[in-house]
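One structure is given here, and the rest of the page talks about it.
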Amino acid sequence: MNKINVGVVDTTFARVDMGKAVIHEIENETTKVNLIRYTVPGIKDLPVGCKILFDKEECEICIALGMPGPAEKDKVCAHEASQGLIICQLMSGKHIIECFVHEDEGETSDQLIEICDDRARKHARNVIRLLFDKLWLQEHAGCGIRQGFPDAGTIKS
Amino acid sequence: MNKINVGVVDTTFARVDMGKAVIHEIENETTKVNLIRYTVPGIKDLPVGCKILFDKEECEICIALGMPGPAEKDKVCAHEASQGLIICQLMSGKHIIECFVHEDEGETSDQLIEICDDRARKHARNVIRLLFDKLWLQEHAGCGIRQGFPDAGTIKS
Amino acid sequence: MNKINVGVVDTTFARVDMGKAVIHEIENETTKVNLIRYTVPGIKDLPVGCKILFDKEECEICIALGMPGPAEKDKVCAHEASQGLIICQLMSGKHIIECFVHEDEGETSDQLIEICDDRARKHARNVIRLLFDKLWLQEHAGCGIRQGFPDAGTIKS
Amino acid sequence: MNKINVGVVDTTFARVDMGKAVIHEIENETTKVNLIRYTVPGIKDLPVGCKILFDKEECEICIALGMPGPAEKDKVCAHEASQGLIICQLMSGKHIIECFVHEDEGETSDQLIEICDDRARKHARNVIRLLFDKLWLQEHAGCGIRQGFPDAGTIKS
Amino acid sequence: MNKINVGVVDTTFARVDMGKAVIHEIENETTKVNLIRYTVPGIKDLPVGCKILFDKEECEICIALGMPGPAEKDKVCAHEASQGLIICQLMSGKHIIECFVHEDEGETSDQLIEICDDRARKHARNVIRLLFDKLWLQEHAGCGIRQGFPDAGTIKS
Numbered sequence: 019m020n021k022i023n024v025g026v027v028d029t030t031f032a033r034v035d036m037g038k039a040v041i042h043e044i045e046n047e048t049t050k051v052n053l054i055r056y057t058v059p060g061i062k063d064l065p066v067g068c069k070i071l072f073d074k075e076e077c078e079i080c081i082a083l084g085m086p087g088p089a090e091k092d093k094v095c096a097h098e099a100s101q102g103l104i105i106c107q108l109m110s111g112k113h114i115i116e117c118f119v120h121e122d123e124g125e126t127s128d129q130l131i132e133i134c135d136d137r138a139r140k141h142a143r144n145v146i147r148l149l150f151d152k153l154w155l156q157e158h159a160g161c162g163i164r165q166g167f168p169d170a171g172t173i174k175s
Numbered sequence: 019m020n021k022i023n024v025g026v027v028d029t030t031f032a033r034v035d036m037g038k039a040v041i042h043e044i045e046n047e048t049t050k051v052n053l054i055r056y057t058v059p060g061i062k063d064l065p066v067g068c069k070i071l072f073d074k075e076e077c078e079i080c081i082a083l084g085m086p087g088p089a090e091k092d093k094v095c096a097h098e099a100s101q102g103l104i105i106c107q108l109m110s111g112k113h114i115i116e117c118f119v120h121e122d123e124g125e126t127s128d129q130l131i132e133i134c135d136d137r138a139r140k141h142a143r144n145v146i147r148l149l150f151d152k153l154w155l156q157e158h159a160g161c162g163i164r165q166g167f168p169d170a171g172t173i174k175s
Numbered sequence: 019m020n021k022i023n024v025g026v027v028d029t030t031f032a033r034v035d036m037g038k039a040v041i042h043e044i045e046n047e048t049t050k051v052n053l054i055r056y057t058v059p060g061i062k063d064l065p066v067g068c069k070i071l072f073d074k075e076e077c078e079i080c081i082a083l084g085m086p087g088p089a090e091k092d093k094v095c096a097h098e099a100s101q102g103l104i105i106c107q108l109m110s111g112k113h114i115i116e117c118f119v120h121e122d123e124g125e126t127s128d129q130l131i132e133i134c135d136d137r138a139r140k141h142a143r144n145v146i147r148l149l150f151d152k153l154w155l156q157e158h159a160g161c162g163i164r165q166g167f168p169d170a171g172t173i174k175s
Numbered sequence: 019m020n021k022i023n024v025g026v027v028d029t030t031f032a033r034v035d036m037g038k039a040v041i042h043e044i045e046n047e048t049t050k051v052n053l054i055r056y057t058v059p060g061i062k063d064l065p066v067g068c069k070i071l072f073d074k075e076e077c078e079i080c081i082a083l084g085m086p087g088p089a090e091k092d093k094v095c096a097h098e099a100s101q102g103l104i105i106c107q108l109m110s111g112k113h114i115i116e117c118f119v120h121e122d123e124g125e126t127s128d129q130l131i132e133i134c135d136d137r138a139r140k141h142a143r144n145v146i147r148l149l150f151d152k153l154w155l156q157e158h159a160g161c162g163i164r165q166g167f168p169d170a171g172t173i174k175s
Numbered sequence: 019m020n021k022i023n024v025g026v027v028d029t030t031f032a033r034v035d036m037g038k039a040v041i042h043e044i045e046n047e048t049t050k051v052n053l054i055r056y057t058v059p060g061i062k063d064l065p066v067g068c069k070i071l072f073d074k075e076e077c078e079i080c081i082a083l084g085m086p087g088p089a090e091k092d093k094v095c096a097h098e099a100s101q102g103l104i105i106c107q108l109m110s111g112k113h114i115i116e117c118f119v120h121e122d123e124g125e126t127s128d129q130l131i132e133i134c135d136d137r138a139r140k141h142a143r144n145v146i147r148l149l150f151d152k153l154w155l156q157e158h159a160g161c162g163i164r165q166g167f168p169d170a171g172t173i174k175s
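Chains as they are written, first to last, in this note's numbering: chain X, 19 to 175; chain Y, 19 to 175; chain R, 19 to 175; chain G, 19 to 175; chain U, 19 to 175.
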């Protein structure tokens, strides 16, 4: 069986190498996937990066990794990148799992690295589920699943 | 007569299973519909989820269920998702009923669950009306109909 | 001569029946138009409502009527709807006259009803002018014409 | 030689007739242009107005004139219109020079009229340069050129 | 071997000539590139400027240089321009490296000029890397690379 191409798009701007964590996680979980990594300068370059992987590299899905800085301007960049990723998905009819970690999400370096690693690995598993195990997702609908933090869980009456 | 495919797209991020409420409501109301459920990780994955159901599963309409968290960042995600759902509708020429409940809409867990259930069921009925009973909608134009809360009603002079 | 199809798209969410005012105004002004009314649940359903009227009902122009609530969240919905209406126009190459009244524009119920009625009727006349009397618009360029309120007028030195 | 069609799109909402200033300026500067004026009700009608001039009237370029009011709501309208103008340009592969004057840019009526006139005339000249004299623009790259106000100039070390 | 066309799109609004710095940097680094400069009036004209270079001048990549002013209104313009640049990239399937310097990023004229020069030259090198040396980018993923300022570096535990 042919392997399925999966794009891993990340940036030189990010201060943690989440692409590496994604690749480890996916290679550890499955042999049915061919990973194509594409590194772009910044977060706003991610949408076209995914577009190129969909169009030129026949990727079936992408994961887009970004790490916006703490300033207000950085929030705007992340917002623009997110809008672009959504439009790219609609143009391609394919999923892009957005995995962004804001630099102010962690209070210490260790905390931030932990969030990045956890979110990257969990979203890597979401990529695999969207390809091979959609039932898992359906069975966890409304379960308050989180990435980067512990699950929030279902709200109980 | 062939059944009409209706997409129910929801998330593992949500903390209440609104998809279940939608499915109960629609199955209770009509036998003319074939429900296709598709669960994605988060709210920003909903637009392409609907696009895939329109393109690959021949859905005539979708309902998109999401539950943004209480933080400012979550509001931005909901905004991006809403924009994507509107663009998806324009690309497909088909309705997506957006049914979002913000986690801060209810003050207690019970209240939040009640809002989710009410909004999901009422919007499920809107899906059915858009398919089979557009006259009901027209007869209630300007009537201040609400989902999740009691109707606001028409403003009287 | 064949009549021209004009779409009137409104919502069950609105608390004043502006569609009725539009229909009265247009029927009173011209017999050259065939009105097609389409009522959707909320303001964010208006863009695809217009798209469907352009594509399936051969409308030459639409008027989109909405009444966002007073909360911040409602302003965001109105913003998303407006963006969608603009994209819909660009995709179709046809005008959609947006006629929104924010629930906090009037201080009393009577005032709000009056604003709705005035804005709906004046924008109904704009629809007619875009179809049959573009010269009127050109002759009033820069004249500070308003809908819902008295004209602001041209600024004099 | 055939004249080049240039669209002048303005609104009845504006309180100063900038279209007139644009037409005077262009007619005074060149005889190689055929001006097509199209007046729409408000600022959010400008994008499709330009689209129609590109598609139906074979315009090579448009200038879009608008005058948003001073309220927060008006700023949002201007933002939506600007986004639409950019999308319209990308769809058409043609320039639209946006010439907006916010009603709160001037402190007195005279000041506001002066800003409108200056910005309209200078942007009219930008239209001509984009058609016939791109070198002028290139030679003034980074020169801090302004419209509506005196040039800011190049920053000197 | 045919040279690759690279677009350099800048504005007359900017107060520093970043286009010149980009051209110096690229001509100094490689002879495999043919530079096409296109100067437009303002930042919101950049997206269609790039679109024209992609469609009419067969550019493989563009760099878009802009310098928004310090006012709130200027931030909105920059946001609209960024959104347009992302949509343009998605339509073309080609990269546009956005190089914006906000006028309030530097406290003195000298500082601002230095930021402009540094960001322009470093982004010029990013253009070259995207064309000829994608491996460099991949090897620097997550390294906290910055333009206009010193690199932030990888976060260490």
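Every residue, glycine too, gets a C-beta built ideally from N, C-alpha and C.
It should be emphasised that the depicted structure is a prediction, and the values quoted were computed from it without experimental measurement.
Residue from the options whose Cα sits closest to the Cα of residue i
{"i": "VAL34/X", "options": "PHE167/U, GLY166/U and ALA159/U", "result": "ALA159/U"}
{"i": "ASN20/X", "options": "HIS120/X, LEU53/X, LYS74/X and PHE31/X", "result": "LEU53/X"}
{"i": "VAL27/X", "options": "PHE72/X, GLU157/X and THR49/X", "result": "PHE72/X"}
{"i": "ARG137/R", "options": "PHE167/R, LYS152/R and ASP122/R", "result": "PHE167/R"}
{"i": "ILE173/U", "options": "VAL66/X, CYS134/X, VAL94/X and THR57/X", "result": "CYS134/X"}
{"i": "GLU76/X", "options": "ALA32/X, ARG143/X and ARG55/X", "result": "ARG55/X"}
{"i": "ALA89/Y", "options": "GLU43/Y, ASP122/Y and ASP128/Y", "result": "ASP122/Y"}
{"i": "GLU78/X", "options": "GLY111/X, VAL66/X and LYS91/X", "result": "GLY111/X"}
{"i": "ARG164/Y", "options": "PHE150/Y, ARG143/Y and ASP151/Y", "result": "ARG143/Y"}
{"i": "LEU103/G", "options": "GLU47/G, VAL66/G and GLU43/G", "result": "VAL66/G"}
{"i": "ALA82/R", "options": "THR126/R, CYS95/R and ALA99/R", "result": "ALA99/R"}
CB of residue i within 7 Å of CB of residue j, strictly
{"i": "VAL145/G", "j": "ILE115/G", "result": "yes"}
{"i": "ALA39/X", "j": "ARG139/X", "result": "yes"}
{"i": "LEU108/X", "j": "LYS62/Y", "result": "no"}
{"i": "PHE118/X", "j": "GLY162/X", "result": "no"}
{"i": "LEU153/U", "j": "THR30/X", "result": "no"}
Rounded straight-line distance, which links the Cα of residue j to that of residue i
{"i": "HIS141/X", "j": "GLY124/X", "result": "18 Å"}
{"i": "MET36/U", "j": "HIS97/U", "result": "20 Å"}
{"i": "HIS113/R", "j": "GLU45/G", "result": "29 Å"}
{"i": "HIS120/X", "j": "PRO86/X", "result": "5 Å"}
{"i": "GLU157/Y", "j": "VAL51/Y", "result": "24 Å"}
{"i": "CYS80/R", "j": "GLY25/R", "result": "4 Å"}
{"i": "ASN23/Y", "j": "THR49/Y", "result": "11 Å"}
{"i": "ALA32/Y", "j": "GLY171/X", "result": "9 Å"}
{"i": "PRO59/R", "j": "SER175/G", "result": "59 Å"}
{"i": "ILE41/X", "j": "LEU64/G", "result": "48 Å"}
{"i": "GLN101/Y", "j": "THR57/R", "result": "21 Å"}
{"i": "GLU132/U", "j": "ASP169/G", "result": "22 Å"}
{"i": "LEU130/Y", "j": "LEU149/R", "result": "48 Å"}
{"i": "CYS95/U", "j": "SER127/G", "result": "25 Å"}
{"i": "ASP151/R", "j": "GLU47/U", "result": "60 Å"}
{"i": "LYS74/R", "j": "LYS74/Y", "result": "22 Å"}
{"i": "LYS93/U", "j": "GLU43/X", "result": "39 Å"}
{"i": "LYS91/G", "j": "LYS91/Y", "result": "23 Å"}
7 Å Cβ cutoff, residue i in contact with chain A
{"i": "SER127/Y", "result": "Of the chains in the structure shown, none is chain A; the protein chains are X, Y, R, G and U."}
Scan the region 95 to 107 of chain Y for residues whose Cβ lies nearer than 8 Å to a Cβ of chain X and list them as they occur along the chain. For chain X, the residues of the region 95 to 107 of chain Y that bring a beta carbon within less than 8 Å of one of its beta carbons are CYS95, GLU98, ALA99, GLN101, GLY102, ILE105 and CYS106, in chain order.
Using a beta-carbon distance cut-off of less than 9 Å, what residues from the region 35 to 64 of chain X approach chain U? Listed in chain order, the positions of the region 35 to 64 of chain X with a beta carbon within less than 9 Å of a beta carbon of chain U are ASP35, MET36, GLY37, LYS38, ARG55, TYR56, THR57, VAL58, PRO59, GLY60, LYS62 and ASP63.
With 9 Å as the limit, tell me which residues of the region 133 to 160 of chain R have their beta carbon closer than that to any beta carbon of chain Y; keep them in chain order. Interface annotation for the region 133 to 160 of chain R against chain Y: CYS134, criterion Cβ-Cβ distance under 9 Å.
Residues within the region 65 to 84 of chain Y neighbouring chain X, beta-carbon criterion of under 7 Å: Those would be PRO65, VAL66, LYS69, ILE70 and ASP73, in chain order.
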